[in-house]
Each structure stands twice: as structure tokens, then as C-alpha cells.
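Trainee: Count along the sequence shown starting at 1, add 12, and that's the number in the numbering used here.
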Amino acid sequence: MNTIQLKRFKTLFEYQLQPSEQLPPQEGSDPSEVQDDLDRASLIQEQLLSDTMQKRKAVSILSAKAALGRIRAGTFGICEECENEIDLRRLEIQPTTVFCIQCQEEQERQSRFMAVS
Ligand SMILES: [Zn+2]
Numbered sequence: 013m014n015t016i017q018l019k020r021f022k023t024l025f026e027y028q029l030q031p032s033e034q035l036p037p038q039e040g041s042d043p044s045e046v047q048d049d050l051d052r053a054s055l056i057q058e059q060l061l062s063d064t065m066q067k068r069k070a071v072s073i074l075s076a077k078a079a080l081g082r083i084r085a086g087t088f089g090i091c092e093e094c095e096n097e098i099d100l101r102r103l104e105i106q107p108t109t110v111f112c113i114q115c116q117e118e119q120e121r122q123s124r125f126m127a128v129s
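(1) Does ligand 1 have even one heavy atom less than 7 Å from the beta-carbon of F88?
(2) Run through DSSP, which three-state label would E97 get?
(3) Consider the C-beta atom of F21 and the heavy atoms of ligand 1; say whether any pair is separated by less than 7 Å.
(4) Among residues of its own chain, excluding the 5 on either side of T25, which ones have a beta-carbon nearer than 6 Å to its beta-carbon?
(5) Take the Cβ of I16 as the centre, count every other Cβ of all protein chains shown within 10 Å, and call the residue buried at 16 or more, exposed below.
(6) Could you give the first and the last residue of the continuous alpha helix (DSSP H) run that contains I83?
(7) Enumerate in chain order the residues of its own chain whose CB-to-CB distance from L29 is below 8 Å, with the five nearest sequence positions on each side excluded.
(8) Who are I90's beta bridge partners in DSSP?
What follows is the structure, given as C-alpha cells:
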């Protein structure tokens, strides 16, 4: 991987680490204050959804931090298992991956084998 490509990934991860703007609390957003049952149900659902999204965001922040660490250490794009270069097209799709396609498939095969036995 050349420095331009590396820099592009670095920018991508740094962008992911930027704090997202906090939306001001909306009036009547507390489910206990909403009288209509339907409204309350959809509000609760919305809150659950944003909860899931926050958890997902927390995970993506962690993997972005780890990836930035690998960029600094010079090991970004190198498979943790076999130490070969990870295919760039694979990194484009899944920038935080630490395995090349062969090792990833090998791991999936093993976990399937474990599940069967
Ligand atoms: Zn590998």
C-alpha cells in the first residue's frame, strides 16, 4: 500500500472518531409524558433504535482507534495471522479488518467446525 492510500484510510478513521453533534432534547420526548399509547410505543422504539446505534457507533470508534494505531505502527493492511498484505479491495469494503481473505475464511471454517463438533 502506498502512502496516499494509507493517508486516505487515516483520514477515514479520523473522521469516524470525530464527536457527532449532540441534538438538543426535543420537547415531549419523554415517553411518560406522552399520553397517546401509539405515540408512546413509537417513541420507545425510537429510543431503543438510537441505543443500538450508539452501541454500534461505540464499536466502530474502537475499531477505528485500533486501525489508526496500526497505521502509526506501520502494520495497517497487514494480516495479523499470516503477515501478508491484505487485498486493497477488501480494505476498501472493510477498512478495519485485520485478516486477509484466506485467513478470514480459515477462521470461519474453524468456527463452523467447532459449532458442528
Ligand atoms: Zn492472512
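Positions of the beta carbon are idealized from the N, C-alpha and C atoms, including for glycine. None of these values were measured; they are calculated from a predicted model.
Mentor: Walking through what the data contain:
(1) no
(2) strand
(3) no
(4) Before going on, a small fix: residue 25 reads as Phe here, not Thr. Closer than 6 Å at Cβ, skipping near neighbours: A76, A79, L80.
(5) Per the 10 Å Cβ criterion, exposed.
(6) 49-85
(7) I73, A76, K77, L80
(8) In the DSSP secondary-structure assignment, I90 is bridged to E97.
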